[in-house]
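Residue numbers (this note's numbering): -4 to 330.
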């Protein structure tokens, strides 16, 4: 599932009580954490993550007195139902926190960081748990409620490289019906469900917001040496009727697909053509008007025979059934 907290999806680290050694914003950087030895700044070794100072008991406390913990709040790029969290301590070996917990909250509108920190009603989604250093620490989340913010607590202090919050986005009902709607976008609840090959790039990149800025921000497969072709399957935000398909091969020059085909289906029904087998050009944003296609809940993009694509868009409108389902998810969190 996509990481709803990514900076490139609109996530933001909005508050922390301490990030003296390494900035809290690093928690949501899309790329894996890096480490360069002997790179010291004024405050010590430079880490690609979030690192707090060493906590000390208040003056006059008895030996071994509790010191509390440090916290960071992240606003999700897309509100959604969280299915799993990864607290990644990569490169933190002698300075990782022994235990962590994660809470989540739903805060409407555009609150300030202080408003979130002081007024949010937090629900624990990961109980306080031990973690290891220099590794990803994954946790399943059972709650089916919809959340907009998460709060990571570390005990008592230390460093975390990345916080990943995997789930499915849910569009805000009040924003629907006011312009074009991308049925496949991650930020609207679209999600990759299957893929033939992702050797060079994740298929989730196809559904990210905005234009790709390099070939590395798209989906690319290895070179095929057989008679088959590569493909990716997308669960749409919900039932909708498409009106325009966009297949963007920007930055893919010598490795763009030669052609593509887009199909759709509704529920478990039969696949039907949305866009028939069509020749593609390298480094080009292709857009095709779609007429006469019925409601669909899934899309499949076949590329021939292999290669890379920057973005896939499927603009259209939710049906009444699809809109009602989005309303239900937002109100109940039942996904």
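Positions of the beta carbon are idealized from the N, C-alpha and C atoms, including for glycine.
Per DSSP, cross-strand counterpart(s) of residue i
i	result
residue 326	Beta-bridge pairing links residue 326 to no other residue.
residue 312	236
residue 39	36
residue 231	DSSP, once it has assigned bridges, lists no residue as partnering residue 231.
residue 157	83
residue 299	254
residue 162	77
residue 11	67
Whole-Å CB distance - residue i paired with residue j, under 8 Å assumed
i	j	result
residue 257	residue 240	6 Å
residue 304	residue 178	The Cβ separation is near 17 Å, so there is no contact.
residue 126	residue 94	6 Å
residue 15	residue 47	6 Å
residue 97	residue 159	With 8 Å as the limit, residue 97 and residue 159 do not qualify as a contact, their Cβ atoms being about 11 Å apart.
residue 274	residue 294	That belief does not hold up - the Cβ atoms of residue 274 and residue 294 are roughly 20 Å apart, past 8 Å.
residue 346	residue -1	Nothing about residue 346 can be reported from this structure: the residues present for the chain run from -4 to 330 only.
residue 141	residue 74	6 Å
residue 79	residue 133	6 Å
residue 221	residue 191	In fact, because the Cβ distance is near 12 Å, the residues do not count as touching under 8 Å.
residue 283	residue 296	That belief does not hold up - the Cβ atoms of residue 283 and residue 296 are roughly 12 Å apart, past 8 Å.
As assigned by DSSP and simplified to three states, the class of residue i
i	result
residue 167	coil
residue 306	strand
residue 24	coil
residue 151	coil
residue 211	helix
residue 201	helix
residue 318	helix
residue 2	helix
residue 288	coil
residue 181	helix
Sub-8 Å separation of residue i and residue j beta-carbons
i	j	result
residue 196	residue 172	no
residue 276	residue 147	no
residue 287	residue 232	no
residue 70	residue 119	no
residue 298	residue 252	yes
residue 19	residue 45	yes
residue 300	residue 5	no
residue 86	residue 129	yes
residue 168	residue 322	yes
residue 281	residue 248	no
residue 289	residue 235	no
residue 331	residue 145	The question about residue 331 has no answer, for the chain in this structure spans -4 to 330.
residue 111	residue 68	yes
residue 25	residue 186	no
residue 209	residue 194	no
residue 63	residue 51	no
residue 7	residue 157	no
residue 30	residue 13	no
residue 215	residue 72	no
residue 279	residue 230	no
beta-carbon residue i near the ligand NAD non-hydrogen atom, thresh 7 Å
i	result
residue 281	You won't find the ligand NAD in this model; it holds no ligand whatsoever.
Handout entry: Ranges of the beta strand (DSSP E) found wholly within the stretch 58 to 146, counting only runs of at least 3
Key = 65 to 83, 94 to 100, 118 to 125 and 131 to 135
Practice task
Let me know the beta strand (DSSP E) ranges lying completely inside the stretch 234 to 281, each 3 residues or longer, listed in chain order.
Solution key: 254 to 260 and 267 to 274
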